[in-house]
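Some notes on the structure that comes next.
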Amino acid sequence: MEFIQKMSTVLVVDDTPSTRELICGYLRKAGYQVIEANNGKEAMEKALAHNPDLVITDVVMPEMNGFELCRSLKKNPTTQNLRIVVCTSKNQDIDRLWGMKQGADIYLTKPFTETEIMEAIQSINI
1150 MEFIQKMSTV
1160 LVVDDTPSTR
1170 ELICGYLRKA
1180 GYQVIEANNG
1190 KEAMEKALAH
1200 NPDLVITDVV
1210 MPEMNGFELC
1220 RSLKKNPTTQ
1230 NLRIVVCTSK
1240 NQDIDRLWGM
1250 KQGADIYLTK
1260 PFTETEIMEA
1270 IQSINI
């Protein structure tokens, strides 16, 4: 399936290099600009510096987890309107509810496909 998109910037946050590279590869193939971060703390700094259109984040990470990142992004006036996709192995209903309460627009569980990621991004119209 081909996904062609305008040149939006996406910040991808995951402490597992292979997962981060996989998501970044999908996004670059679809024409997105990509910024990478290893954890929530680094992601917050990069979000403030680069003003991305979207953040895709894991949850379980060192220094600042993905739920904390969601809260921090939504509380900051500069980043409060950022769209957020949580992409995690935490697949319990309570995790999904908690993620949405923290500010996530979409909650995907791993493993995911390229189609699932791209459809999620397109559904929030960035």
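In this text, residue positions in the sequence shown follow this note's numbering: the first is 1150, and each later residue adds one. All residues carry an ideal CB built from backbone N, CA and C; glycine is no exception.
Please list, in chain order, all residues of the same chain as residue i whose beta carbon is under 6 Å from its beta carbon, the five residues on each side excluded.
i, result
"Thr-1158", "Gln-1182, Pro-1201 and Asp-1202"
"Asn-1240", "Thr-1258"
Cα separation between residue i and residue j?
i, j, result
"Asn-1225", "Thr-1264", "31 Å"
"Gln-1229", "Ser-1167", "29 Å"
"Leu-1257", "His-1199", "24 Å"
"Ile-1243", "Arg-1177", "32 Å"
"Val-1209", "Asp-1254", "18 Å"
"Asp-1163", "Leu-1197", "18 Å"
"Ile-1273", "Cys-1236", "15 Å"
"Glu-1212", "Glu-1191", "9 Å"
Leaving out the 5 sequence neighbours to the left and right, which residues in its chain are closer than 7 Å to residue i when beta-carbon positions are compared?
i, result
"Lys-1195", "Leu-1160, Ile-1184 and Ala-1186"
At which residue ranges does the segment 1211 to 1256 contain complete beta strand (DSSP E) runs of 3 or more residues, listed in the order of the chain?
Segments of the beta strand (DSSP E) lying fully in the segment 1211 to 1256: 1232 to 1237.
Alpha helix (DSSP H) segments (min. 4 residues) lying fully within the segment 1163 to 1200:
Runs of the alpha helix (DSSP H) inside the segment 1163 to 1200: 1166 to 1178 and 1189 to 1199.
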